[in-house]
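Have a look at the structure below before the remarks.
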Amino acid sequence: MPTVETTGGPVDVEQLGLTLIHEHFRAADEAGRLQFPHLYDEQAEWDAAIADANAVAGHGVKTVVEPSAMLLTRDAAFSKRVADESGLNVVLATGIYTYDYLPQVLSNRDEDGIAAIFVHEVEHGIQGTPIKPAFIKCAADAPGVTPNIEKVHRAVARASNATGKPIMAHSHPSSATGLEQMRIFSEEGVDPAKVQIAHTGDTDDLDYIERLLETGCWIGMDRYGLDLFLPTEPRNATVLALLEKGHADRMFLSQDYCSSIDWFPREVQEYLKANEVPKWSMTFLFEEVIPELKERGMTDEQLDQMMVDNPKRWLTA
Ligand SMILES: [Zn+2]
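What follows is the structure, given as structure tokens:
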């Protein structure tokens with residue numbers, strides 16, 4: 000029986016159950032945390048993370064895939080504690096989360112040198128722990144596929160080819176990065192069935208999404224509640240249209256929620272929470288989105304496909 004690496008070690012794929020494919024129990028810059036600790040409240044971060052973990056477990060979630068990578072405070076020990084205290088499986092990544100910038104430790108290595116770092120983690124574990132990554136993460140955003148981003152994508156592709164691990168690529172649909180990302184993976188010989196283009200649900204451009212699907216990748220409809228990228232109604236209409244066209248077997252539903260995040264000063268975060276993303280949470284899908292999608296025709300089988308079967312298939316692709 001195939002297994003998937005989690006913070007508790009390899010788990011039989013049939014044990015993954017209802018899965019949120021893209022959530023963060025903490026999102027922060029590790030350099031900021033190390034250098035300016037007065038900006039961070041570790042206890043509040045823990046309280047928020049465990050509250051969210053328990054809340055999703057209360058909705059029947061068994062597994063949370065946490066694609067935090069370098070530059071987003073990936074912390075295997077913290078994620079393991081969340082998993083151990085909530086009873087969830089938490090699935091971690093190797094990789095780097097950047098839209099262009101590379102620290103010297105990576106900018107002075109070539110594609111193969113960066114790939115070797117990711118392969119080391121797959122073989123030996125994350126941050127000196129025995130916890131292994133189940134997939135490899137990279138990102139392209141508004142700056143597009145810059146030379147640094149292309150280098151990271153080729154490194155991720157080579158690490159995937161060397162280890163067989165699937166890839167999650169954060170994308171920016173309004174600059175159509177998904178197609179460029181898939182072009183690079185294809186040039187590197189990656190099986191498209193291993194690749195998930197995250198944040199595809201930030202657009203309601205069905206033509207773009209279908210061109211992306213034609214490459215053979217998975218798509219993340221994974222930012223429910225982030226209205227500043229796309230409000231819930233067009234997200235739902237897009238998911239329903241794709242279900243209608245028979246694409247339940249290529250999609251994931253999630254929220255890209257961050258139990259805590261250091262990207263903005265506290266007062267700006269409070270403003271955004273109140274005005275820009277009032278519904279964003281780790282349980283919004285269960286409280287509002289899924290009931291509405293069901294009312295508008297999504298079947299239980301389609302829901303299971305997106306939140307139980309597809310995560311198993313992608314993670315063991
Ligand atoms: Zn994310």
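First residue of the sequence shown? That's 0 in numbering that gives the first Met the number 0, and the numbers climb one at a time after it.
We put the beta carbon where it would ideally sit given N, CA and C, even for glycine.
GLU65 counts as buried, since no fewer than 16 other beta carbons sit within 10 angstroms of its beta carbon. Restricting attention to HIS169, ILE135, GLY31, MET306, the CA atom closest to the CA of PRO264 is found in GLY31. Beta-bridge annotation (DSSP): ALA26 is paired with ILE260. For the pair of segments examined, the segment 186-193 was found not to touch the segment 288-300: the number of CB pairs separated by less than 8 Å stays below three. Between ligand 1 and the CB of HIS171, the shortest heavy atom gap is not smaller than 7 Å.
Taking C-beta separations shorter than 7 Å and ignoring five residues to either side along the sequence, the partners of ARG222 in its chain run HIS198, GLY200, ASP201, PHE228, GLN254, ASP255, following chain order. Going by beta carbons, ILE218 and ARG249 fall inside the 8 Å limit.
Between LYS131 and VAL121, the gap from beta carbon to beta carbon is short of 8 Å. At a Cβ-Cβ threshold of 8 Å, ALA139 and ALA168 count as neighbours. DSSP places LYS61 in no beta strand (DSSP E); its state is neither H nor E. Assignment of GLN304 by DSSP, reduced to helix, strand and coil, places it in the helix class. Among the bridge pairs identified by DSSP, VAL3 is matched with VAL10. For GLY94, the pairing in a beta bridge is given by DSSP as LYS136. If you check the CB distance, ARG25 and ASP74 come in under 8 Å. About 19 Å separates the Cβ atoms of LEU292 and LEU212, ruling out a contact at the 8 Å cut-off. A distance below 7 Å between beta-carbons, with the five flanking residues on each side excluded, links GLY296 to the following residues of its chain, in chain order: LEU239.
For LEU227, there is no enclosing alpha helix (DSSP H), as DSSP marks it with neither H nor E.
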